[in-house]
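First to last, the sequence lines map onto chains R and L.
By the count of my numbering, the first sequence reaches residue 221 at its end, each step adding exactly one.
By the count of my numbering, the second sequence reaches residue 221 at its end, each step adding exactly one.
Beneath this line is the structure, given in structure tokens, with notes to follow.
Number of protein chains: 2
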Amino acid sequence: MRPSSVQKRDAVLRAAEEQFLATGYESVTMDSIAKGSGVAKQTLYSHFGSKRALFLELVTASTSAARVAALAAAPTPETTGDPRDLLRERLVAQLGQVLRPRVLALRRLVIGELPRSPELAAALHENGPRRAIAALADELRRLDAAGVLAVPDPVSAATQLNWLVMGEPVNRAMLLGDEAILTPKEIEEHVAEAVAVFFRAFAPGPGGAGAQR
Amino acid sequence: MRPSSVQKRDAVLRAAEEQFLATGYESVTMDSIAKGSGVAKQTLYSHFGSKRALFLELVTASTSAARVAALAAAPTPETTGDPRDLLRERLVAQLGQVLRPRVLALRRLVIGELPRSPELAAALHENGPRRAIAALADELRRLDAAGVLAVPDPVSAATQLNWLVMGEPVNRAMLLGDEAILTPKEIEEHVAEAVAVFFRAFAPGPGGAGAQR
Numbered sequence: 009m010r011p012s013s014v015q016k017r018d019a020v021l022r023a024a025e026e027q028f029l030a031t032g033y034e035s036v037t038m039d040s041i042a043k044g045s046g047v048a049k050q051t052l053y054s055h056f057g058s059k060r061a062l063f064l065e066l067v068t069a070s071t072s073a074a075r076v077a078a079l080a081a082a083p084t085p086e087t088t089g090d091p092r093d094l095l096r097e098r099l100v101a102q103l104g105q106v107l108r109p110r111v112l113a114l115r116r117l118v119i120g121e122l123p124r125s126p127e128l129a130a131a132l133h134e135n136g137p138r139r140a141i142a143a144l145a146d147e148l149r150r151l152d153a154a155g156v157l158a159v160p161d162p163v164s165a166a167t168q169l170n171w172l173v174m175g176e177p178v179n180r181a182m183l184l185g186d187e188a189i190l191t192p193k194e195i196e197e198h199v200a201e202a203v204a205v206f207f208r209a210f211a212p213g214p215g216g217a218g219a220q221r
Numbered sequence: 009m010r011p012s013s014v015q016k017r018d019a020v021l022r023a024a025e026e027q028f029l030a031t032g033y034e035s036v037t038m039d040s041i042a043k044g045s046g047v048a049k050q051t052l053y054s055h056f057g058s059k060r061a062l063f064l065e066l067v068t069a070s071t072s073a074a075r076v077a078a079l080a081a082a083p084t085p086e087t088t089g090d091p092r093d094l095l096r097e098r099l100v101a102q103l104g105q106v107l108r109p110r111v112l113a114l115r116r117l118v119i120g121e122l123p124r125s126p127e128l129a130a131a132l133h134e135n136g137p138r139r140a141i142a143a144l145a146d147e148l149r150r151l152d153a154a155g156v157l158a159v160p161d162p163v164s165a166a167t168q169l170n171w172l173v174m175g176e177p178v179n180r181a182m183l184l185g186d187e188a189i190l191t192p193k194e195i196e197e198h199v200a201e202a203v204a205v206f207f208r209a210f211a212p213g214p215g216g217a218g219a220q221r
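This is the structure in structure tokens:
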């Protein structure tokens, strides 16, 4: 049986990711990806168009996969009672998905390539932080409507919450390498502290954000 | 008059920075830096040892310069009355120093180089975020002692404040390029919002962090 085009696509993306992460963007060629994946070079060009387009596809697939996995790992609103737990579990899943060696390596590669290929980093931004913040904003709108928090500007507050959680651990791992990746237990503790700060700042009533309206 | 060794060092670092940012770390050689700076290759080797050591010196000099400039731009405790203003102005200076095209470009280059030269990114981490957070922690200790804020763990709180301020604008500029750099007015507004959230979360008394002790 011949491999389907979905199987071929996966084989190409796997081989491409491996090569890009091993040797950097510049050193990889459509030839080397064809050899690594066992897919004919002609097929590679007809499916992806160019090395740049293929890499863009890889970034999109990788960050979308991380996002989908984070959402799947997070509980749905129905499965839990305490809204703080819900937010915490969602953020634990999100941080855990980003703090993976392959995701971090791709992120480093894309940032280093920005002077030559800005569309790669833009794709990562769109599929990564921008969507994560939009999903958090939806969550905060629900918490505001339920009177749990007072969030006059959900997108702004979601951005703040996102970086309270992601800022330090992602920056450390970006600059200090995979040894600086938090353990699952450390991720839980870090997220709990960030969410506690956020809930104090956006508590309804006097002193909280509600007092600012 | 012959140029002093300080002048030579500056000429070398300027030429090196220009070349690294223009063509990436790999393409630059000690030869090209010698030519660009007008300093003899032998002198280059005797002063810096290697291309890697020279680049490390550049990262350290650049981030230290940004830090010193941020501290110089920030007011001293004596020059202002309201502690919130003081913190805000310090953070405006810090964010403004990082959101500069050359600092961002160096940061991108260093991150992209991490798989080959992890010591460069480690030097940036040490001279950049780690020291910024340590300085913020000192500030928060003073505010806690003065009863303005309730900060049981100054380093943890300083880390949270740092990323509330730096997270979104630095990440956007890293991924979306120099066009995403905030204007001075946007920096002021962004910092004011972050500091307001932080002061609500760490207000003394019931509801604030004081209630957690």
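Glycine included, C-beta positions come from ideal geometry on N, C-alpha and C.
Reference residue i; option with closest CA among the options
i: D161 (chain R); options: R:S40, R:G185 and R:A145; result: R:A145
i: V237 (chain R); options: R:A42, R:A153, R:D90 and R:Q27; result: Nothing can be reported for residue 237 (chain R), as the shown portion of chain R is limited to 9 through 221.
i: V14 (chain R); options: R:S45, R:A154 and R:L29; result: R:S45
i: A131 (chain L); options: L:A23, L:R115 and L:I141; result: L:R115
i: H133 (chain L); options: L:L184, L:S72 and L:R124; result: L:S72
i: A200 (chain L); options: L:L62, L:R60 and L:R96; result: L:R96
i: V67 (chain L); options: L:A204, L:H198, L:N135 and L:L107; result: L:N135
i: L117 (chain L); options: L:R17, L:A30 and L:D18; result: L:A30
i: E187 (chain R); options: R:I119, R:P126, R:L107 and R:A48; result: R:L107
i: H198 (chain L); options: L:L64, L:E65 and L:L99; result: L:L99
i: L64 (chain R); options: R:P126, R:P177, R:S12 and R:L94; result: R:P126
i: F207 (chain L); options: L:L94, L:G185, L:D39 and L:P177; result: L:L94
i: P177 (chain R); options: R:A61, R:Q105, R:S12 and R:G213; result: R:Q105
i: K43 (chain R); options: R:A61, R:A19 and R:L62; result: R:A19
Assigned exposure category for residue i - 16 Cβ within 10 Å defines buried
i: P281 (chain R); result: Absent from the structure is residue 281 (chain R), since the part of chain R shown begins at 9 and ends at 221.
i: P109 (chain L); result: exposed
i: G57 (chain L); result: exposed
i: D90 (chain L); result: exposed
i: R124 (chain R); result: exposed
i: V111 (chain L); result: buried
i: E147 (chain R); result: buried
i: A219 (chain R); result: Note on A219 (chain R): pLDDT 49, under 50, position unreliable in the model; the coordinate value appears next. Burial call: exposed.
i: G175 (chain R); result: buried
i: Q168 (chain L); result: buried
i: Q50 (chain L); result: exposed
i: E25 (chain L); result: buried
i: K59 (chain L); result: buried
i: A48 (chain L); result: exposed
i: A101 (chain R); result: buried
i: A154 (chain R); result: exposed
i: A23 (chain L); result: buried
i: R221 (chain L); result: For R221 (chain L), the predicted structure reports a pLDDT of 45, less than 50, and the residue's modelled location is therefore unreliable. A value from the coordinates is still provided. So R221 (chain L) counts as exposed.
Proximity below 8 angstroms, CB of residue i to CB of residue j
i: N170 (chain R); j: P137 (chain L); result: no
i: E121 (chain R); j: Y33 (chain R); result: yes
i: I195 (chain R); j: L103 (chain R); result: yes
i: A166 (chain L); j: I141 (chain L); result: yes
i: D152 (chain R); j: V159 (chain R); result: yes
i: L157 (chain L); j: A211 (chain L); result: yes
i: A183 (chain L); j: A202 (chain L); result: Checking the sequence shown, residue 183 (chain L) turns out to be Leu, not Ala. Contact: no.
i: L21 (chain R); j: A69 (chain R); result: yes
i: A209 (chain L); j: V205 (chain R); result: yes
i: I119 (chain R); j: I119 (chain L); result: yes
i: R17 (chain R); j: H55 (chain R); result: yes
Chain A within 8 angstroms of residue i, Cβ atoms only
i: T167 (chain L); result: As a matter of chain content, chain A is missing from the structure shown, whose protein chains are R and L.
Secondary structure, alpha helix (DSSP H): runs of 4+ residues fully inside the stretch 17-63 of chain R: The qualifying runs are 38-45 and 49-56.
Extract the residue ranges of the alpha helix (DSSP H) inside the stretch 123-154 of chain R, only unbroken runs of 4 or more that lie entirely within it. Counting only runs of 4+ residues, the alpha helix (DSSP H) found wholly inside the stretch 123-154 of chain R occupies 126-133 and 139-153, in chain order.
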